[in-house]
Amino acid sequence: MRKLRTVNVTRYITPLREGGSLPALAEADDDFKYVLKFKGAGHGVKALIAELLGGEIARTLKLNVPELVFAHLDEAFGRTEADEEIQDLLQFSQGLNLALHYLSGAVTYDMAVNDCEALLASKIVWLDAYITNVDRTFRNTNLLIWHKELWLIDHGAAFYFHHSWNNWEQTSKTPFSLIKDHVLLPKAAFLTTVDEELKALLTDERLKKIVNLIPEEWLQWETADITPEEIKNTYFEFLKTRRDHSQIFVKQAEDARKTLI
Numbered sequence: 001m002r003k004l005r006t007v008n009v010t011r012y013i014t015p016l017r018e019g020g021s022l023p024a025l026a027e028a029d030d031d032f033k034y035v036l037k038f039k040g041a042g043h044g045v046k047a048l049i050a051e052l053l054g055g056e057i058a059r060t061l062k063l064n065v066p067e068l069v070f071a072h073l074d075e076a077f078g079r080t081e082a083d084e085e086i087q088d089l090l091q092f093s094q095g096l097n098l099a100l101h102y103l104s105g106a107v108t109y110d111m112a113v114n115d116c117e118a119l120l121a122s123k124i125v126w127l128d129a130y131i132t133n134v135d136r137t138f139r140n141t142n143l144l145i146w147h148k149e150l151w152l153i154d155h156g157a158a159f160y161f162h163h164s165w166n167n168w169e170q171t172s173k174t175p176f177s178l179i180k181d182h183v184l185l186p187k188a189a190f191l192t193t194v195d196e197e198l199k200a201l202l203t204d205e206r207l208k209k210i211v212n213l214i215p216e217e218w219l220q221w222e223t224a225d226i227t228p229e230e231i232k233n234t235y236f237e238f239l240k241t242r243r244d245h246s247q248i249f250v251k252q253a254e255d256a257r258k259t260l261i
C-alpha cells in the first residue's frame, strides 16, 4: 500500500466554480498543478475523507484515478486574495487538505459522444454502489477522458452515512436506490460477473490500510463524542460489512438497470 505524498501549496490559480465546495486549481512546491479540495468548505473534513477513501478504493479496484496527495496550506497563504469568499475559505483550510493531480487537457465524459465498454462500466457502477456515491449522474458525470482512457474524479459525496453517523451499520446492509441515476448503469451488463472479482481485491488488510491513511487532523470532530481510532474503526467496519453484503446493492443495481433497457 503506497503512502500519499504531502505537498505544500505555493500558488492559488483559479477557483473551479462548477464544484459545489469551491475546489481550486493550484500549484504546489513539486511544480505540479492540482485540483485542491478544502477542509474549510461545505461538509469539511468528511468530504475529504470520502474523497480519500473513494479514490483509494477505486485505485485498489484497478480503476483510473488521478494521484491523490495531502496538500498543506500555510497560515499566511491567501492573505493577498481579493475575493473575500475565497480568502475565508483559505483561512478556514489552514493545515492539511486533499488534492488530485490535475489532468491537463482532459475532457468531460459525454455518454452521447464517448463510449465505455460494459465490463468497465460494471466495475464503476459496482464501486459507486459500494461507497454510496450519489454523484456520477448524467447531470454531473465526474468522469474524464484523458489520453483516450476513462478517469474517475470527485468522490466527496460518497459515504453519506457519516453525516449522521448513528446508522452506519444499517446503511452498510442497505441497497443503494440512487444507483438508478448512474450515468453508466445502462452499459453495466456484468455486475454479477465483477462482484466476486472486486470483493476479492478488497481484503480486510487492504481496507484497513486505506482507512489508516486518514490523517489524525481530520478526525477531531467537535460534533461527535468519539475518538479518532473509533472513527477509523467505524469506516473499516462499514466497508467490510458492505463488501460482505454486496449482493444487496448488486441486486438493486441490476433491477434498476432492467427498467432502463
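Its first residue numbered 1, the sequence shown is counted upward by one per residue in full-length UniProt numbering. Here a beta-carbon is modelled for each residue, glycine too, at the ideal position from N, C-alpha and C.
- DSSP lists Glu27 as the beta-bridge partner residues of Arg11.
- In the three-state reduction of the DSSP assignment, Ala99 falls in the strand class, which pools E and B.
- DSSP places Thr6 in the strand class (E or B) of the three-state scheme.
- By the Cβ-count criterion, Val107 is exposed, with fewer than 16 other Cβ atoms from all chains shown falling within 10 Å of its own Cβ.
- Under the Cβ criterion (8 angstroms, minimum of three pairs), the stretch 132–146 counts as touching the stretch 178–196.
- The beta carbons of Leu68 and Tyr109 sit no closer together than 8 angstroms.
- When DSSP reads this structure, Ala71 sits in a beta bridge with Val7 and Asn97.
- The criterion of a C-beta distance shorter than 8 angstroms is not satisfied by Ala24 and Arg11.
- If you compare the alpha carbons of Arg5, Ile49, Tyr102 and Arg2 with that of Ile13, the shortest gap goes to Tyr102.
- Residue pairing by DSSP places Ile145 opposite Val107 and Leu150 in a beta bridge.
- Of the candidates Arg136, Trp151, Ile49 and Thr174, Thr174 places its Cα closest to the Cα of His245.
- If you draw a straight line from the Cα of Leu260 to the Cα of Thr227, it is about 44 angstroms long.
- Straight through space, the alpha carbons of Ala121 and Gly54 are spaced by roughly 17 angstroms.
- Under the criterion of beta carbons closer than 8 angstroms, Leu98 and Ala76 do not qualify as touching, at roughly 20 angstroms.
- His163 and His43 have their alpha carbons spaced roughly 8 angstroms apart.
- By the neighbour-count definition (other C-beta atoms within 10 Å, threshold 16), Ala50 is a buried residue.
- The beta carbons of Leu48 and Lys33 sit about 19 angstroms from each other, so the pair does not count as a contact at 8 angstroms.
- In this structure, Val183 sits near Met111, with a CB-CB distance shorter than 8 angstroms.
- For Lys37, the enclosing beta strand (DSSP E) has its first and last residue at Lys33 to Lys37.
- Lys123 is positioned such that its CB atom lies no closer than 8 angstroms to that of Leu202.
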